[in-house]
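A.B. asks: Residue numbers (my numbering): 9 to 196.
From the three backbone atoms N, C-alpha and C, an ideal C-beta is built for every residue, glycine too.
First the structure, then my questions, so here it is.
The following block contains the structure:
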């Protein structure tokens, strides 16, 4: 009889730790945004280091204020996109094999960052940014902890995809070859 069981990975309770990391990222993001919103004056830089200011800004667009002057539709677009990506990443994270470490870390950080900014978009209509890095007259767009989580998660995802996945494939191939070499041949 054919096997009709699903081949999809079931939800793994062990992966709840990765969801907890996403929650920690969200809490840290929301707490620092609250501090920035209550302690800083809008658009007035507070010097911290020779290359870093705390500057409260409101971002109505996407990353680096992309589409911030598009007329308002982008709020709904980015809210919907973040919600869909968050649902997909949560399911992916919960079904991930427990042997993986870097990939779920990357997904948890991206998920936490996406949800942190989604909370702002839904409750405020914009994202609170306050970290302003610069060098002389070269200014990087202001960002927040959620953006940092997304960026770090993306870097880890790239490392996992382009380096660690190749290593896992090589290990599996070597293990299969070793297993085949050790399997006794049946003579007829």
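For the putative contact between residue 102 and residue 50, defined by C-beta atoms under 8 Å, what is the C-beta separation to the nearest angstrom?
C.D. replies: Incorrect: roughly 39 Å between the Cβ atoms, too far for contact.
A.B. asks: If we ignore side chains and look at the alpha-carbon of each, how far apart do residue 104 and residue 22 end up?
C.D. replies: So the alpha carbons of these two residues sit roughly 10 Å apart.
A.B. asks: Determine which residues share a DSSP beta bridge with residue 64 and list them.
C.D. replies: DSSP lists 50 as partners of residue 64.
A.B. asks: Can you tell me which residues form a DSSP beta bridge with residue 139?
C.D. replies: In DSSP, residue 139 forms a bridge with 62, 151.
A.B. asks: Check whether the Cβ atoms of residue 150 and residue 125 sit closer than 8 Å, and answer yes or no.
C.D. replies: Contact flag unset, no.
A.B. asks: What would DSSP say about residue 108, mapped onto helix, strand or coil?
C.D. replies: Residue 108: coil per DSSP, three-state reduction.
A.B. asks: In angstroms, rounded to a whole number, what distance separates the CA positions of residue 25 and residue 172?
C.D. replies: Between residue 25 and residue 172, the C-alpha separation is close to 21 Å.
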